[in-house]
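Have a look at the structure below, then the notes.
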Amino acid sequence: LLYKLQASGDEARTAELLADVRKMSSRIEDPPFFITVTLCISDILARMGRFKEAIEHYERIAGDLEKHAQDESDLIAMATIGNKYVLCGQIRKGLDLIASVRAKAEALSLPNAVMHVEMLGLYNSLEMRKPEQTRACLERIRRLIKNEPDKAHLSVAINFAEAYLCYAMGDY
4 LLYKLQASGD
14 EARTAELLAD
24 VRKMSSRIED
34 PPFFITVTLC
44 ISDILARMGR
54 FKEAIEHYER
64 IAGDLEKHAQ
74 DESDLIAMAT
84 IGNKYVLCGQ
94 IRKGLDLIAS
104 VRAKAEALSL
114 PNAVMHVEML
124 GLYNSLEMRK
134 PEQTRACLER
144 IRRLIKNEPD
154 KAHLSVAINF
164 AEAYLCYAMG
174 DY
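In the numbering used here, the protein residues as written are 4 to 175.
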């Protein structure tokens, strides 16, 4: 529900529901569910542009999370938080978190989490203007989407990255 409200642009209702979820989360005694709720809260805060608050919320449970996250949605949310570290200037910390999520997602054979991590890697390499990293990300993404028509929506990002590479390398 939080994601739907946030996506609809209803910031006031999203903030109100988010405050309620945050209060209730302190009473959760099931560690895996607590981790999922905490990641959801951090992700929503980040989507609302409240990056610092999202990172602070995430860091309260980071140690437990990295040990216990086994679920694809948890790993996707962790990678997204890693991306927020990068955007906030904590580049090494963010890239390390994203790399640890990639390793775990690959080890657990979670293709959507792997694709999410690769797309974040592509986005980060573009933001940091790193053409060689961009090229490597594109190659990994192409391998992942080969013969997968349901991933065709990624072609826009791929085309954008390829245009950047052409520009960065003077190949236009």
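No residue lacks a Cβ here, since even glycine has one placed at the ideal position from N, Cα and C. Fair warning: this is a prediction, and the values are worked out from it, not measured in the lab.
Just the Cα atoms here: how many angstroms apart are residue i and residue j?
i    : j    : result
M122 : P134 : 15 Å
R143 : S45  : 28 Å
T83  : P114 : 16 Å
C91  : R132 : 16 Å
I101 : D174 : 30 Å
I58  : I161 : 28 Å
V104 : H60  : 18 Å
Go through its chain and collect everything with a Cβ distance to residue i's Cβ below 6 Å, but skip five positions before and after it.
i    : result
G124 : C140
A80  : L42 and D46
A116 : E75, L78, I79 and A108
If you follow the alpha helix (DSSP H) that residue i is in, where does it begin and where does it stop?
i    : result
D13  : Taken as a continuous stretch (DSSP letters only), D13 belongs to no alpha helix (DSSP H), as it is neither H nor E.
L123 : P114 to E130
C140 : P134 to I148
Buried or exposed: where does residue i fall if 16 or more other Cβ atoms within 10 Å of its Cβ makes it buried?
i    : result
V120 : buried
L21  : buried
Residues in its own chain within less than 8 Å of residue i by CB, not counting five upstream and five downstream?
i    : result
A147 : Contrary to the premise, residue 147 reads as Leu rather than Ala in this sequence. Result list for L147: P114, V117, M118, E121 and K154, in chain order.
Would the C-beta of residue i count as close to the ligand MG, meaning under 7 Å from any of its heavy atoms?
i   : result
S11 : Looking at this structure, you won't find the ligand MG or any other ligand, since it has none at all.
At 4 residues or longer, what runs of the alpha helix (DSSP H) sit wholly inside the segment 25-67? 34-50 and 54-62
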